[in-house]
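In the working numbering, the protein residues as written are 1 to 443.
Built from N, CA and C at the ideal position, the CB exists for glycine as well.
Contents: one structure, followed by commentary.
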């Protein structure tokens, strides 16, 4: 199935799905199972920009345009007391600019680094969630994607096992988390320096344990990682290759407005290569450094991050994230960012009598460790960046988008603009202007 065929089929389904949304009895009004759907199409382009030179992983300096699509079914069912099974088949296709290389904070979080951009169908999620009540007090939760409506204890222990995205549970933020409905940029989905474990499509297998209280929560996860950097096949030998994360979440009230703060720490061990060792080896043998030459079991990547969301008022929200990883060994999964800072705000459409709309701004800064930048400057390559040499500078990106929801429908249009300064940390390339349009449908 080609990308064009996938888009045509998806668009043709909109009237039927819109009817289903306005006629819920046609699907189900039972509380023991649910069914949801989403489809997202993103088209982006960047005009030509200045570049003193280019390498194998550089963003092409001539104008480019690309389109991505994703379609997901969200199926959930109660299977015994306190337990639910969730199943998400998904279709995705398309690729980013320059085969998704050349910018560490890539401008489309809906694209993946896969060899074949033809739309593919696969299982995104298949997991069991078990809730163990720790209190008699309950609250009512609404029906939603991967969430069954009903009563939920205010204090509980949650066990999740199976295939899922770790970002389903960690590093959440009301204003900056989902490229299907919020910021496009993938460094705004979460803490940029968290090399969050997943296959090339963003999913993994593992176990997540959550202890949730009314004002705080603690989460722990241990999951599989790929057999190689930016790989699709997961390493099942978990004793030698795995990733773990711990998060503490605290809800607070400041000057009458609510907010949430998250602290996260992470550790990944795999057969990684070392930037410094690779550069030393290349210097001795007078060759271009290659990270694969020093790949060895026992190498690790660790780091931490902070994530804050705060309501300034009922119609204005702020967010802030900052993260760091040690940067000694190669990026294994997500993107080549060793230090990251992002911040922004969301304005609710109630301010201009468009209650279902919102306008959002963000600014982010990405950086590299000294070992990482020296490796790139000597001509080394990662799996997403590498210009053949490097005149290092912090990669800075500004993004603004407006989400416009069509009245009485589940269809939202979101034009977007991003300004990328020092793409892939290189003063000798850019800046780059990126224009985009997203069409999102869900029920």
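Report the three-state DSSP secondary structure of residue i (helix, strand or coil).
i, result
"residue 434", "strand"
"residue 110", "coil"
"residue 156", "strand"
"residue 240", "coil"
"residue 423", "helix"
"residue 167", "helix"
"residue 457", "Residue 457 lies beyond the range of the chain shown here (1 to 443); nothing can be said about it."
"residue 305", "strand"
"residue 381", "coil"
"residue 351", "helix"
"residue 173", "coil"
"residue 251", "strand"
"residue 358", "strand"
"residue 292", "helix"
"residue 27", "Because the pLDDT of residue 27 is 38, which lies under 50, any placement of that residue in the model is unreliable, and the number read from its coordinates should be weighed accordingly. In this structure, residue 27 counts as coil in the three-state DSSP scheme."
"residue 99", "helix"
"residue 72", "strand"
"residue 46", "strand"
"residue 22", "Below a pLDDT of 50, predicted positions are generally treated as unreliable, and residue 22, at 46, falls in that range; the measurement from the model is reported next regardless. Helix."
"residue 181", "coil"
"residue 429", "strand"
"residue 392", "strand"
"residue 330", "coil"
"residue 53", "coil"
By alpha-carbon positions, which one of the options ends up nearest to residue i?
i, options, result
"residue 65", "95, 265, 322, 242", "95"
"residue 42", "441, 442, 436, 101", "436"
"residue 63", "286, 44, 333", "44"
"residue 49", "423, 182, 125, 439", "423"
"residue 157", "143, 165, 186, 212", "212"
"residue 243", "224, 253, 254, 257", "224"
"residue 182", "401, 389, 273", "401"
"residue 87", "147, 31, 106, 80", "147"
Tell me, please, which residues DSSP counts as bridged to residue i.
i, result
"residue 340", "323, 366"
"residue 80", "83"
"residue 64", "46"
Hey, does residue i have any beta-carbon neighbour from chain D nearer than 8 Å?
i, result
"residue 33", "Going by chain labels, chain D is absent from the structure shown, which holds only one protein chain."
Are the stretch 237-253 and the stretch 272-287 touching, with three or more C-beta to C-beta distances below 8 Å? no
Closer than 8 Å is the cut-off here; do at least three beta carbon pairs connect the stretch 69-84 with the stretch 32-40? yes
Where in the stretch 183-229 do unbroken runs of the beta strand (DSSP E), each at least 3 residues long, occur, reported from the N-terminal end onward? 204-212, 216-223
Does the stretch 216-233 come within contact of the stretch 307-327, defined as at least 3 CB pairs closer than 8 Å? no
For the stretch 338-345 and the stretch 363-371, state whether three or more C-beta atom pairs, one from each stretch, are separated by less than 8 Å. yes
Do the stretch 164-176 and the stretch 192-201 meet, that is, are 3 or more Cβ pairs less than 8 Å apart? yes
Is there contact between the stretch 283-301 and the stretch 324-334, where contact requires at least three CB pairs shorter than 8 Å? yes
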